[in-house]
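Working notes for the structure below.
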Amino acid sequence: MNETTKLNDYRANEWCKSGKHCSKCQLRRYCKKEDIQMEKETVKITSEPIKNKLNRIFNFYGKKRQLHKLIEEMAELITAIEKDDKENITEELADVWVLMLQIKLNMSNKETNKFNQAVIEKIDRQIERINEKIASKYYVD
Numbered sequence: 001m002n003e004t005t006k007l008n009d010y011r012a013n014e015w016c017k018s019g020k021h022c023s024k025c026q027l028r029r030y031c032k033k034e035d036i037q038m039e040k041e042t043v044k045i046t047s048e049p050i051k052n053k054l055n056r057i058f059n060f061y062g063k064k065r066q067l068h069k070l071i072e073e074m075a076e077l078i079t080a081i082e083k084d085d086k087e088n089i090t091e092e093l094a095d096v097w098v099l100m101l102q103i104k105l106n107m108s109n110k111e112t113n114k115f116n117q118a119v120i121e122k123i124d125r126q127i128e129r130i131n132e133k134i135a136s137k138y139y140v141d
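Just so you know, we're using the numbering used here here: the sequence shown kicks off at 1 and counts up by one.
Set out below in structure tokens:
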């Protein structure tokens with residue numbers, strides 16, 4: 001079955017990232033094993049040389065300074081979004097992403113696990129909301 005068929009038929013068949021039906025998934029979403037893999041695929045920028053550079057930056061400035069810098073960069077991103085400045089949105093999003101990666105890379109194992117679980121839950125919850133809206137005859141956004 002090709003990707004188009006899967007997308008056209010997503011309400012009838014729920015597919016995991018692997019392209020196989022997953023009896024454990026109640027909604028169209030990734031299984032837990034695939035969620036873990038998804039993180040590795042999504043953040044390919046965090047190769048060892050990049051991780052080392054991100055850690056060097058984080059360790060030089062410190063957690064408090066980088067958290068403050070993240071707030072500053074998020075404010076700049078908000079301004080760019082409000083102005084619909086596509087070029088600046090890209091730049092500011094990159095700034096925010098770099099700082100978020102620094103912070104995530106320096107989390108404890110417990111914090112990282114909690115973070116990863118929260119991300120998975122938020123994605124799953126939003127997919128549930130989308131599926132509920134699609135299933136509703138009275139879809140209003």
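Positions of the beta carbon are idealized from the N, C-alpha and C atoms, including for glycine.
Could you tell me the alpha carbon to alpha carbon distance between residue i and residue j, rounded to whole angstroms?
i              : j             : result
lysine 104     : threonine 112 : 7 Å
lysine 110     : lysine 137    : 42 Å
aspartate 124  : alanine 94    : 25 Å
lysine 53      : glycine 62    : 14 Å
tyrosine 10    : histidine 68  : With a pLDDT of only 42 at tyrosine 10, under 50, the local geometry of the prediction cannot be trusted, and the value read off the model is given with reservation. If I take the Cα positions, the gap works out to 42 Å.
lysine 114     : serine 108    : 10 Å
glutamate 128  : aspartate 85  : 32 Å
isoleucine 134 : valine 96     : 33 Å
Could you check how far apart the C-beta atoms of residue i and residue j are, in whole angstroms? I think they sit under 8 Å.
i                : j             : result
phenylalanine 58 : glutamine 102 : 4 Å
leucine 77       : glutamate 92  : 4 Å
alanine 177      : isoleucine 89 : A question about residue 177 goes unanswered here, because the residues of the chain that appear run from 1 up to 141.
Taking all protein chains shown into account, do 16 or more other C-beta atoms lie within 10 angstroms of the C-beta of residue i, making it buried, or fewer, making it exposed?
i             : result
glutamate 41  : Note that glutamate 41 scores 48 on pLDDT, short of 50, meaning its location in the model is unreliable; the coordinates nonetheless yield the value given after this. Result: exposed.
glutamine 66  : buried
serine 87     : In the sequence as presented, serine is not what sits at residue 87; that position holds glutamate. By the neighbour-count rule (16 or more Cβ atoms within 10 Å), glutamate 87 is not buried but exposed.
glutamate 48  : exposed
glutamate 121 : exposed
glutamate 73  : buried
Along the chain, where does the alpha helix (DSSP H) that runs through residue i open and close?
i              : result
lysine 53      : 48-61
methionine 100 : 86-105
lysine 114     : 109-135
Among the options, which has the Cα closest to the Cα of residue i?
i             : options                         : result
lysine 50     : Val119, Val98 and Ile123        : Going by the sequence as given, residue 50 is isoleucine instead of lysine. Out of Val119, Val98 and Ile123, Val98 has the C-alpha closest to the C-alpha of isoleucine 50.
lysine 64     : Phe115, Asn106 and Asn88        : Asn106
asparagine 55 : Lys83, Ala118, Met100 and Glu82 : Met100
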